Structure formats: structure tokens, C-alpha cells
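Heads up: the structure comes next, in C-alpha cells.
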Amino acid sequence: MSLQEASEARKARLLALRARKLGQSTEEGTPEPLIGGRNFDPVSRTLKKHTTVAEMEDTVENNVKGLTEKIIAEDEEKRQQELDIFNIAPKRPNWDLKRDMEKKLAKLERRTQEAIHTLIRQRLAAQKGQSDDLVGAMKAQEEQNAANSSDEDD
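Counting from 51, one number per residue, gives the positions in the sequence shown under the working numbering.
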């Protein structure tokens, strides 16, 4: 088959397709009706009849048919039982107080650690200066803090 013959065959197919799309017959007779869609059976060229789907025996609805009544009955039984106050109250009545205080205690813990470090430094400064009095150690610490703060300002 040459290229010329293939081209003419393709043109003929396209013209036939265009004519069928417009609802015209390929022969010079009555036009073909346009039928298409989900209900059209292309093999028999007729409309499909609606068939009813037989109910399946093993469905979710059949499996849970009595389940809703059972759950409702159990719920009503639980509501009829007397409400126990001990089950509502927390086992530790101060758990919420501890939860609220944790943030504040974290800040205080940091400050406590800083104070402990300061006291240790003062004792070390007192030992280096061979000073037995606490006042001398505190003055040495204040001088050191002042020197550190002046260095930071510069």
C-alpha cells in the first residue's frame, strides 16, 4: 500500500465518521439516528432494559441489623444505674494545682541554682583570701560582679 492509497483511505474514513457524527447515513438514504449513552447497547443497537440488582444476602446492612437496638438498650441500662461520684472525682485532688505551678517552679528552680552558684563562688573567694568572715567574701563577690558588669557595658 502506497502513501497515496493510505491517505485516500484515511480521508474516506474521516468523511464517513464526520457524516455519522452529523447524523447522516453513509449511503444516500435515511440518516442514522444518533443514539449513545449509558443505556445504549452497541452490539444489539437497542436500548438496555433496566435490570434490578438482586439483593445480596451478605451485606453490611444485614450484618448490623440488630446492632443499633442492642447498643441503645445497653446505653439505657447504663443511664439507669446510679451515678457514682467517686468515679467522677480525680484520684489526686491536687493534680491541677501541680500542673499550674510547674511553670512557676521552673523559674524558681533556675533562680535557686543561680543562688547556690553564687554562694559557692563566695566561699571559694573567701578561701582564696584566707578570710574567715562572710562579709569579706560578699564584698569580694560584689566587686567581681561590678567588674563583670562594667566589662559587659563596654
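We put the CB at the ideal spot given by N, CA and C, even for glycine.
Note that this is a predicted model, so its numbers are computed, not measured.
Check                                                                                                         : Outcome
Beta-bridge pairing of Asp91 - partner residues as DSSP gives them                                            : Thr96
For Val110, three-class secondary structure by DSSP                                                           : helix
Cα-Cα separation between Pro143 and Glu152, rounded to whole angstroms                                        : 16 Å
Sequence-distant residues of the same chain with beta carbon closer than 6 Å to Asn89, five excluded per side : Leu97, Lys98
Boundaries of the alpha helix (DSSP H) in which Arg142 is found, first to last residue                        : Here Arg142 belongs to no alpha helix (DSSP H), and DSSP marks it neither H nor E.
Buried versus exposed, by CB contacts within 10 Å (16 or more), Ala176                                        : buried
Where Gln130 falls, given that 16 or more other Cβ within 10 Å makes a residue buried                         : exposed
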